[in-house]
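The structure appears below as structure tokens.
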Amino acid sequence: MKIASLQLKVYREKEKNLEQLAEWMKCEKLQDVDMVTLPEMFTCPYQTELFPLYAEKEGGPSCRFFSDLAKKYGIYLSAGTIPEVDENGRIYNTAYVYDRTGNQIAKHRKMHLFDIDIQDGQTFRESDTLSAGDEVTVFDTEFCRMGICICYDLRFPELAGLMAQEGAKVLLVPAAFNMTTGPAHWELLFRQRAVDNQFYTIGTAPARDMGAEYHSWGHTIAVDPWGTVVHVCGEAEQIQITEINLELVDKIRRELPLLRHRRGDVYEVRKR
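Read in order, the letters of the sequence shown correspond to residues 1 to 272 in full-length UniProt numbering.
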């Protein structure tokens with residue numbers, strides 16, 4: 001299986017982001033891939049006050065665009081994330097996945113909201129405008145079962161562990177770590193989750209734009225189930241193609257059977 005991760009710049013105009021994606025899809029490097037993955041908040045600048053302005057209902061214009069693109073190229077498309085508004089006006093940071101025929105096969109609402117205040121670093125409060133999702137998301141392809149989570153979700157090992165227990169062999173993570181947390185934890189977290197759960201981790205980030213209000217770390221990454229970094233980008237726009245070896249996943253899980261050795265019967269905080 002070949003996965004192409006597109007580290008693209010995010011423009012202020014929603015339509016320009018969709019137009020640039022259509023142009024990148026014409027690239028010869030993408031003609032024989034099975035899946036394309038996009039960054040977090042791909043159609044919207046990463047600013048909390050803009051999320052409600054850019055939000056669309058499920059099945060809206062951006063979703064139809066993604067569906068048509070997946071069908072046109074006969075690929076699986078993990079369409080990064082976009083702001084989603086539900087029937088009650090709640091806003092979510094939502095990832096959609098489409099199959100080769102353009103059907104939506106997965107939807108994940110970011111479960112853990114990025115509310116942080118780092119001294120001499122980044123301050124950010126997604127909860128000012130976003131609501132939190134509450135579902136673990138896995139989906140099936142003709143190759144294997146995959147899981148998907150969003151950026152800050154990756155910091156919580158319980159979530160990745162549940163996806164592995166549900167059979168995921170690849171974890172997709174549209175994400176936009178910043179210039180404080182990125183250098184410190186980006187590679188570390190993707191390697192940790194890969195080793196913990198013995199699956200591939202694919203992190204797709206926006207390209208860095210120092211003219212924007214939010215500065216993405218970039219460094220779109222792929223890590224194999226042994227914890228080895230297979231590919232990592234820099235900060236500029238780039239395509240990263242990863243060949244997934246599912247036999248390696250099976251081999252590592254067979255020889256070092258962490259999932260089978262889990263002690264779910266004792267992993268709880270007990271009252272004393």
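Don't be surprised by glycine CBs; every beta carbon is placed ideally from N, CA and C. What you are looking at is a predicted structure, and each value in this text was computed from that prediction instead of being measured.
{"Asked": "Simplified DSSP assignment, three categories, for V249", "Found": "helix"}
{"Asked": "Proximity winner among R191, A175, V223 and Q165, relative to R263 (alpha-carbon distances)", "Found": "Q165"}
{"Asked": "Separation of I221 from M111, as counted between CA atoms", "Found": "22 Å"}
{"Asked": "Start and end residues, beta strand (DSSP E) containing T37", "Found": "M35 to T37"}
{"Asked": "Cβ neighbour criterion (16 or more within 10 Å) applied to N103", "Found": "exposed"}
{"Asked": "Assigned exposure category for I202 - 16 Cβ within 10 Å defines buried", "Found": "buried"}
{"Asked": "Assigned exposure category for L188 - 16 Cβ within 10 Å defines buried", "Found": "exposed"}
{"Asked": "Own chain partners of W226 with C-beta closer than 7 Å, once the 5 adjacent residues on each side are dropped", "Found": "I252"}
{"Asked": "Backbone secondary structure at Q192 - three-state DSSP", "Found": "helix"}
{"Asked": "Sub-8 Å separation of T43 and S67 beta-carbons", "Found": "no"}
{"Asked": "First and last residue of the uninterrupted beta strand (DSSP E) at Y96", "Found": "I91 to Y98"}
{"Asked": "Whole-angstrom distance between W217 and N197, CA atom to CA atom", "Found": "25 Å"}
{"Asked": "The region 161-177 touching the region 36-51, judged by at least three CB pairs closer than 8 Å", "Found": "yes"}
{"Asked": "Beta-carbon contacts of D209 that lie in its chain and below 6 Å, excluding the five residues immediately before and after", "Found": "K9"}
{"Asked": "Three-state secondary structure assigned by DSSP to Y54", "Found": "helix"}
{"Asked": "DSSP bridge partner residues for G203 (one or two, in chain order)", "Found": "V173 and I221"}
{"Asked": "Anticipated Cβ contact below 8 Å, I91 with A55, distance rounded", "Found": "5 Å"}
{"Asked": "Residue from K107, R100 and E135 whose Cα sits closest to the Cα of E142", "Found": "R100"}
{"Asked": "A106 and T137 closer than 8 Å at C-beta", "Found": "yes"}
{"Asked": "Nearest neighbour of D120, chosen from M179, P157 and H231 [CA to CA]", "Found": "M179"}
{"Asked": "Rounded separation between Y46 and F65 - CA only", "Found": "21 Å"}
{"Asked": "Buried or exposed (CB count within 10 angstroms, at least 16 for buried), G60", "Found": "exposed"}
{"Asked": "For T242, the nearest candidate out of G234, V230, H215 and D86 (CA to CA)", "Found": "V230"}
{"Asked": "Identity of the residues DSSP links to H108 by a beta bridge", "Found": "A95"}
{"Asked": "Helix, strand or coil at T123 according to DSSP, with G and I counted as helix", "Found": "strand"}
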